Amino acid sequence: QQPVQSPQAVILREGEDAVINCSSSKALYSVHWYRQKHGEAPVFLMILLKGGEQKGHEKISASFNEKKQQSSLYLTASQLSYSGTYFCGFQDTLAGGTSYGKLTFGQGTILTVHP
Amino acid sequence: DGGITQSPKYLFRKEGQNVTLSCEQNLNHDAMYWYRQDPGQGLRLIYYSQIVNDFQKGDIAEGYSVSREKKESFPLTVTSAQKNPTAFYLCASRRQGRYTFGSGTRLTVV
């Protein structure tokens, strides 16, 4: 089943903050976040492993709550270059906790940053 | 520089014809993936391969076929059985959890 992302779209002014949420109905091994500019390949942002991890990448950070099967991406002091579609990707937990590496993506959140 | 090459960037085919999309990587990654992207639906997994000569169906494999005869190559054939083939197709490879994507092929069937 596809992860559910919210909101579907966000419009910001430069310098504003945003949060993108992603939730799953299945147990998770890890969460991935990618950003895609229009017509281009998705670009890796970060991976979070089970264990309630939180990671940061410049002014973009994320959290992973394994118990709630949820992840959130935090964008602070947004820049024009942050515009794009953000995807979360979930890897399932198999019996024994070993992941196949198959990633299931959410439907995406379109982020637009205006000057 | 290492990466994934998808060709062609744009592809037009007549309805009822099979078409093969190329995906080549020089990253020495074992795992490779094909995703389909439609507006508002995100990325949906078509097929994936963990090693050479082995591949698995993803969530929307019907109407598609793949082969993995070489580590570097993972071509996708869109057959005439695929009811709605017009889409943006992305190939990816994976190493230690991190995916690297190609720049995609936009297929239009008329």
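Keeping their order, the protein sequence lines are chains A and B. The numbering used here puts the first residue of the first sequence at 769, with every later residue one more than the last. The numbering used here puts the first residue of the second sequence at -18, with every later residue one more than the last. In this text, a Cβ means the ideal position worked out from N, Cα and C, and glycines have one as well. Treat the numbers as computed from the prediction; the structure is a model and nothing was measured.
Check whether residue i and residue j have beta carbons under 8 Å apart
| i | j | result |
| --- | --- | --- |
| Y45(B) | Q63(B) | yes |
| P771(A) | G874(A) | yes |
| L2(B) | T89(B) | no |
| Q847(A) | L796(A) | no |
| G852(A) | K794(A) | no |
Residue-chain proximity (residue i, chain A), Cβ-Cβ < 8 Å
| i | result |
| --- | --- |
| Q6(B) | no |
Buried/exposed call for residue i, threshold 16 Cβ in 10 Å
| i | result |
| --- | --- |
| G857(A) | buried |
| A845(A) | exposed |
| T(-14)(B) | exposed |
| V91(B) | exposed |
| G783(A) | exposed |
Simplified DSSP assignment, three categories, for residue i
| i | result |
| --- | --- |
| S798(A) | strand |
| L817(A) | strand |
| S846(A) | coil |
| N833(A) | strand |
| N789(A) | strand |
| S61(B) | coil |
| F(-7)(B) | strand |
| Q838(A) | strand |
Run of the beta strand (DSSP E) containing residue i, from where it starts to where it stops
| i | result |
| --- | --- |
| D860(A) | G852 to D860 |
| Q37(B) | D35 to K38 |
| D19(B) | A12 to D19 |
| S48(B) | First-last for S48(B): undefined, no H or E at that position. |
Min CB distance residue i to chain B below 8 Å
| i | result |
| --- | --- |
| L871(A) | yes |
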